[in-house]
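Peer 1: At position 153 of the sequence shown (counting the first as 1) the number is 287 in my numbering, and the numbers step up by one without a gap.
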Amino acid sequence: MQTLGERIASYRKAANMTQAELAEACSVTAQAVSKWENDLTAPDISLVPKLAELFHVTTDELLGVPKRTVAAVDPAKVDMSKILFRVRVLSKEGDKVNVNLPLALAELLLSDGAMSSKLFGSKGDALKSIDFAQIVALVRQGAMGKLVEVDSADGDKVEVWVE
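Structural data, given as structure tokens:
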């Protein structure tokens, strides 16, 4: 597993940036960047979102948080009435829409494409490519976790989780 410094160096190089360019973007010295990359120091916590933005990664990815994966469970052993269907829309303008519904209610509301625009407003456009009936069918077969992640052409991001 990579250290934070190794990840910073890797992302910096992938972005075709020099240590000096990264330092300038973060308002620190090139020596500070060198110390980060050699794991002698770490960037100030307030710089983590800026670094993630510069590298086009999430703060979790920058910090090395393992991605949650889809898990398969035995549907016979799961109380489907307690399953939550979570949809999160993050717009490039900074708007956030979170909807958390019991699975049965999500199945009713989201099976009709018109309802998603009522739930999410104009941010629901990014949801049009998602087949919610297919997602619900997967859940009924035992799929859990983050099932969908869509980055739309206009910069919006949609995530669908089932827990």
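Yeah, the Cβ is synthetic: ideal placement off N, Cα and C, and Gly gets one too.
Helix, strand or coil: how does DSSP classify Pro236 here?
Peer 2: In the sequence shown, residue 236 corresponds to position 102, counting from 1. Three-state DSSP puts Pro236 in a strand.
Peer 1: As a quick exercise: from Ala164, Phe266 and Leu156, pick the residue whose alpha carbon is nearest that of Leu239.
Peer 2: The residue given as residue 239 occupies position 105 in the sequence shown. The shortest C-alpha separation from Leu239 is found at Phe266.
Peer 1: Let me confirm a value: Met278 is counted as buried when at least 16 other C-beta atoms fall within 10 Å, else exposed. Which label applies?
Peer 2: On the sequence shown, residue 278 is found 144 positions in, with the first residue counted as 1. Buried: at least 16 other Cβ atoms inside 10 Å.
Peer 1: Suppose the cutoff is 6 Å on Cβ atoms and the five residues either side in sequence are ignored; what does the same chain contact list for Arg146 look like?
Peer 2: Translated into positions along the sequence shown, residue 146 becomes position 12. Correct list, in chain order: Leu156.
Peer 1: Thinking just about the alpha-carbon of each residue, which of Glu283, Gly276, Gln275 and Pro209 is nearest to the one in Ile264?
Peer 2: Indexing the sequence shown from 1 puts residue 264 at position 130. Of the candidates Glu283, Gly276, Gln275 and Pro209, the one whose C-alpha sits nearest the C-alpha of Ile264 is Glu283.
Peer 1: Express the C-alpha separation of Leu185 and Leu196 in angstroms, rounding to a whole number.
Peer 2: Walking along the sequence shown from the start, residue 196 turns up at place 62. Walking along the sequence shown from the start, residue 185 turns up at place 51. Straight-line Cα distance between these residues: approximately 8 Å.
Peer 1: Output yes or no for whether 9 Å exceeds the beta carbon distance between Gly198 and Thr137.
Peer 2: Translated into positions along the sequence shown, residue 198 becomes position 64. Translated into positions along the sequence shown, residue 137 becomes position 3. Yes, Cβ-Cβ distance for Gly198 and Thr137 is below 9 Å.
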